[in-house]
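There are 2 protein chains.
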Amino acid sequence: MTDTDGGRPARTKRATIVDVARHAGVSTASASKVLRNAYGVSDAMKERVQASMEALEYRPHRPARGMRGRTYTVGMMVSDIDNPYFSLIADGLASVLRPSDYELLVSPGGYDAASQNQAIEALIDHQMDGLILVAPLVSPADLERVSGEIPVVVVGSHTASPSVDSVSGDDQLGSRLVVDHLVALGHRRIGFVANHQVAAESHRPESVRLAGFLEAMAQHDLSDEAVVIDTQWSLEGGRDAVRLIDALDNPPSAVFAGADITALGMMSELWEGSRSAPDAYSLAGYDNSRIASIGPIGLTTVDQSGHEVGASAGRLLLERIGGRGEASHLLLRPELVVRTTTAPPTPRAL
Amino acid sequence: MTDTDGGRPARTKRATIVDVARHAGVSTASASKVLRNAYGVSDAMKERVQASMEALEYRPHRPARGMRGRTYTVGMMVSDIDNPYFSLIADGLASVLRPSDYELLVSPGGYDAASQNQAIEALIDHQMDGLILVAPLVSPADLERVSGEIPVVVVGSHTASPSVDSVSGDDQLGSRLVVDHLVALGHRRIGFVANHQVAAESHRPESVRLAGFLEAMAQHDLSDEAVVIDTQWSLEGGRDAVRLIDALDNPPSAVFAGADITALGMMSELWEGSRSAPDAYSLAGYDNSRIASIGPIGLTTVDQSGHEVGASAGRLLLERIGGRGEASHLLLRPELVVRTTTAPPTPRAL
DNA sequence: CCGATGTCGGATAACGTTCTCTCAGGTATC
DNA sequence: GATACCTGAGAGAACGTTATCCGACATCGG
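Sequences listed follow chains A and B, in order.
Each residue of the first sequence is one higher than the one before, counting from 1 in the working numbering.
Each residue of the second sequence is one higher than the one before, counting from 1001 in the working numbering.
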């Protein structure tokens, strides 16, 4: 009735380190040493134990390791697994984790601080060795608390915390690249679609991009021509943006949507009104999501090299797990990708 | 020098069930009973213990639970976290897991059988209570082996295994919906873009969709007009498909791309040749990914209701963990979503 | 030839839970 | 008022691993 015999299929017992030790004729302590390649084992013994592990198809039981400290697993918290950018980050991360002993597990945290906090706690409860938080919505205080328990690397949010590592794109520069491009095309009156929900928190990309936009406009002496449209970064928010712009007395001839998803919403809304970019106005996004490159879309955008961001985050985390004390903050250089949604202003807009 | 004192931040020790028990003045055994709301605790004690848990911010240590069996966590293996359809599945899954005690962790398994196997093993090593495998590339034999160790629900692959549960869309029906639609529009010669890499394995959606296409064409007495284009389901594969179709003597007036991603690649390639759907030929995809609905894309496609698929998979898995013996196989009804890439054949194509 | 030093291997006590089993006390039954 | 039964509470042994300590032996310098 217990598991000694009865499971429907002849459930084969998993080999433990004790089995390995017995099979190799050594103590479990020694087998463990081989497993961790710790100090104090002869080559002969090492070989014998490894052969036994092979023979028994031994794989360490992670919870058991977790009870003694390390699980050799790092957790990644993302708002939603459906984000092309997050996927690039995961890829980069995986590429640095693969050669190490570490493994990656992802937790979908949702779109509000409370559920993200819960997801993070669950990751901690699993005794992960380190955490990668992608564009987290949690408060700085919570972040600080978490980083006291476990090494943390924040990706995408500009934090300057002394206890949390961070990797992000230089969104200030990214905004400048877009503005420079639009101005070079001859635009003067330029709009920016802001994400009002979170713009107040200065460390978030949303507000850094806005600040970068305003600063770049000022550098071109175009502060008076900067038009901020307040809505939300989502497909629906993009649609709203189009309507808001239509209602303007003096509409811009080019719009920087702040994020690809918003630009896509705008394109969709324009399309439904039989208009398009750049005919109605030039349009630029941010993120270089895969969809932006599809022919009929052809969105001008900013590439953040998610792969590189992920790889850097992985390296930082591994270093931190390895014992580095002080936090490190990386700022990666974005690049402008010009496609077909930006062009010189149309005559009627001059 | 050890952790009794020295960590840089005043690292607060995590409360264990022993602490809770002491705080409440009961035995750890009783505290554990309250935690699992097991039989044999008075209401008074239950209340006291729960108050202590609250006070100490107690959260069970999952690895420790794992050592005794359950971890209250289910694992989901996906090829890549960047897939809009997977995200819908995860959403549906989360919605049934939330009210339960279970939590979800996702492992990105990659695009080949070997690395997916590795990801699955890692999930097992973590002592997950159950596994959701999304469109796995692993062999039926491996699947059988895994399902002997842990409850498994396969999503997206049509399996009839007696030991593995499955949930998938009725791809055969989906193909028929597309063909019926195209024929109703007046098309007779219709192409299907096949995914040659995996088409041989009859349980995979790729081959079921192909079979469904051929059967539907036969039902319309159009077997002679069915054109199968052999390439790959990816953006690049879609581009190839366009070139292959161009090389045909007697090209179809409508093409069923088999998957949205392929259709998008085709649209991109057509666009670069200053052509488009449905002018060049009608085009339909499969999956109803979010991007398909964007105005300038407007792809006619088949909706599989990923949310419902995920929710069903979650329910099945929970039942299975709960002890259901025999496997269950669900087939969900897909729906056609008509947008702008399909239209009656253009005169010259008649 | 003796003590000091170094190397390799093993015994063993945790780690935080679960769960079976035992026990104490109360209540019902005759 | 003795016996059987129930109920609530606790003791304690796992689970699979790690890491500290300890001992045995070999080597080396004087």
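For every residue, glycine included, the Cβ atom is placed at its ideal position computed from N, Cα and C.
In this text, all values refer to a predicted model and were calculated from it rather than measured experimentally.
- One alpha carbon belongs to residue 226 of chain A, the other to residue 240 of chain A, and they sit about 19 angstroms apart.
- Following the DSSP letters along the chain, one finds residue 1335 of chain B inside the beta strand (DSSP E) bounded by residues 1335–1337.
- Taking C-alpha positions only, residue 293 of chain A is separated from residue 51 of chain A by approximately 50 angstroms.
- Interface flag for residue 264 of chain A against chain B is set, since a Cβ pair is found closer than 8 angstroms.
- Not one beta carbon of chain A lies nearer than 8 angstroms to the beta carbon of residue 1100 of chain B.
- Taking a beta-carbon distance threshold of 8 angstroms, residue 1125 of chain B counts as an interface residue toward chain A.
- Apart from the 5 residues on each side of it in sequence, residue 1037 of chain B has no Cβ closer than 7 angstroms to any other Cβ in its chain.
- Per DSSP, the unbroken beta strand (DSSP E) holding residue 231 of chain A starts and ends at 226–231.
- Of the candidates A/90, A/115, A/61, the residue whose Cα lies closest to the Cα of residue 104 of chain A is A/90.
- Counting only the Cα atoms, residue 1080 of chain B lies some 6 angstroms from residue 1110 of chain B.
- Scanning its chain for C-beta atoms nearer than 7 angstroms, with the 5 sequence neighbours on each side dropped, one finds around residue 94 of chain A the residues 104, in chain order.
- For residue 195 of chain A, the beta-bridge partners assigned by DSSP are A/231.
- Under the DSSP definition of a beta bridge, residue 1075 of chain B partners with B/1105, B/1131.
- Put simply, the region 264–272 of chain A touches the region 284–303 of chain A. At least three CB pairs are less than 8 angstroms apart.
- For residue 1169 of chain B, the enclosing beta strand (DSSP E) begins and ends at 1165–1169.
- Within chain B, no residue has its CB atom less than 9 angstroms from the CB of residue 170 of chain A, the nearest being about 23 angstroms off.
- Ranked by Cα distance from residue 173 of chain A, the first of A/191, A/215, A/137, A/288 is A/215.
- Note on residue 1092 of chain B: 16 or more other CB atoms within 10 angstroms of its CB, so buried under the neighbour-count rule.
- For residue 295 of chain A, the chain B residues whose Cβ falls inside 8 angstroms of its Cβ are 1267, 1268, 1269, 1270, 1271, 1272, in order along the chain.
- Residue 1231 of chain B does not reach chain A, its nearest Cβ partner there being about 17 angstroms away, counting only Cβ pairs nearer than 9 angstroms.
- Any Cβ of chain B closer than 8 angstroms to the Cβ of residue 53 of chain A would place that residue at the interface, and such an atom is absent.
- Proximity of residue 187 of chain A to chain B, defined by a Cβ-Cβ separation below 8 angstroms, is not satisfied.
- Residue 1291 of chain B has a beta carbon lying within less than 8 angstroms of a beta carbon in chain A.
- Between residue 154 of chain A and the set A/18, A/137, A/132, A/139, the nearest pair of CA atoms involves A/132.
- Residues of chain A whose Cβ lies closer than 7 angstroms to the Cβ of residue 1059 of chain B are, in chain order, 121, 125.
- Annotated three-state conformation of residue 222 of chain A is coil, per DSSP.
- For residue 31 of chain A and residue 1175 of chain B, the gap between their C-alpha atoms comes out near 56 angstroms.
- The beta carbon of residue 221 of chain A lies closer than 6 angstroms to none in the same chain, with the five residues before and after it left out.
- Residue 94 of chain A has a beta carbon lying within less than 8 angstroms of a beta carbon in chain B.
- Remark: fewer than three beta-carbon pairs, one from each stretch, lie closer than 8 angstroms, so the region 1311–1327 of chain B and the region 1274–1292 of chain B are not flagged as touching.
- Per the C-alpha coordinates, the member of B/1070, B/1309, B/1341 positioned closest to residue 1329 of chain B is B/1309.
- When Cβ-Cβ separations below 8 angstroms define contact, residue 63 of chain A makes contact with chain B.
- Beyond the five residues adjoining it in sequence on each side, residue 1015 of chain B comes within less than 7 angstroms, by CB distance, of 1056, 1057, 1058 in the same chain, given in chain order.
- When A/77, A/96, A/76, A/66 are compared, the shortest CA-CA separation from residue 311 of chain A is found for A/96.
- Separation of residue 259 of chain A and residue 134 of chain A (C-alpha to C-alpha, rounded to the nearest whole angstrom) is 16 angstroms.
- When Cβ-Cβ separations below 8 angstroms define contact, residue 1103 of chain B makes contact with chain A.
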